[in-house]
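Chemist:
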Amino acid sequence: MHAMRKLIILLSALVYVIHAQAQFSVTAHQEGWDNIPPQVQKPGFSFQQSVLANMDGDDALEEVMLFGRDNGHYPTFDLFKAYYAIVDNYTKEIQYISDEIYVTDKYNLLVEDRNKDGISELYISYFKDGKFSVDEQGYNLRTTRCYDRIEWNPTGKNFKSSGK
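Residues -22 to -1, 1 to 142 in mature numbering (1 follows the signal peptide of the UniProt record, and there is no 0) are what the sequence shown lists, from first letter to last.
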């Protein structure tokens, strides 16, 4: 009887620990998602990833965010539609949202200070005009890839795209 009671207590404790771990994992994974200003998220798109960087030269960092959604699945690759947003990390003021929705085969959030001026730039790649083709079986992706840079424009006090 005493051994049975110990077993029941041990099993109860194990179930409690597993439940607590699962709840923590779900809650911890969503950390930061509540900080996204609602105006930034376009209908049908989900938050994918973000990075903090100095994008405009002031002391406050900006959060560069990537939003996306599925655009098709093929045997050797997936396609996505994506757009980018830049939000002041402290005030949550929206500083930039992509006008264009980009088609691409990978979510890529590349923020670097390549010109070494202390201000980071966002580097993006996408399919020209969102166009691509595949063969009859869905292989052999053919497209023209475009590369662009989104950076701070000190004279206009806004963000601009190098490709536009």
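Glycine included, every Cβ here is placed at the ideal spot set by N, Cα and C.
#1: Can you give the Cα-Cα distance for Val65 and Ile97, rounded to whole angstroms?
#2: On the CB-based measure, 16 or more other CB atoms within 10 Å of its CB, does Ser111 come out buried or exposed?
#3: DSSP state of Ser(-11), grouped into three classes?
#4: Does the beta-carbon distance from Val18 to Leu100 come in below 7 angstroms?
#5: Do Ile72 and Pro15 have their CB atoms nearer than 7 angstroms?
#6: Secondary structure at Met(-19), three-state DSSP: helix, strand or coil?
#7: Just to confirm the assignment, what range does the beta strand (DSSP E) spanning Ile64 have?
#8: From Gln27 to Leu44, what distance separates their C-alpha atoms?
#9: When the Cα atoms are used, what is the spatial distance from Ser24 to Gly108?
Modeler: Taking the coordinates as given:
#1: Reading the sequence shown from its first residue, position 87 is the one you call residue 65. Reading the sequence shown from its first residue, position 119 is the one you call residue 97. Val65 and Ile97 have their C-alpha atoms roughly 15 angstroms apart.
#2: Here residue 111 refers to the residue found at position 133 when the sequence shown is read from its first residue. So Ser111 counts as exposed.
#3: Position 12 of the sequence shown, counting from 1, holds the residue named residue -11. Three-state result, Ser(-11): helix.
#4: Here residue 18 corresponds to residue number 40 of the sequence shown, with the count starting at 1. Here residue 100 corresponds to residue number 122 of the sequence shown, with the count starting at 1. Cβ atoms of Val18 and Leu100: not closer than 7 angstroms.
#5: For this step, residue 72 is matched to residue 94 along the sequence shown. For this step, residue 15 is matched to residue 37 along the sequence shown. Their beta carbons are under 7 angstroms apart, which means Ile72 touches Pro15 by this criterion.
#6: Taking the first residue of the sequence shown as 1, we reach residue -19 at position 4. In the structure shown, Met(-19) adopts helical secondary structure according to DSSP, grouped into three states.
#7: The residue labelled residue 64 in the question sits at position 86 within the sequence shown. It spans Asp56 to Asp66 - the beta strand (DSSP E) in which Ile64 sits, taken as one unbroken run.
#8: For the purposes of this step, residue 27 is taken as the residue at position 49 of the sequence shown. For the purposes of this step, residue 44 is taken as the residue at position 66 of the sequence shown. If you draw a straight line from the Cα of Gln27 to the Cα of Leu44, it comes to about 5 angstroms.
#9: Reading the sequence shown from its first residue, position 46 is the one you call residue 24. Reading the sequence shown from its first residue, position 130 is the one you call residue 108. If you draw a straight line from the Cα of Ser24 to the Cα of Gly108, it is about 19 angstroms long.
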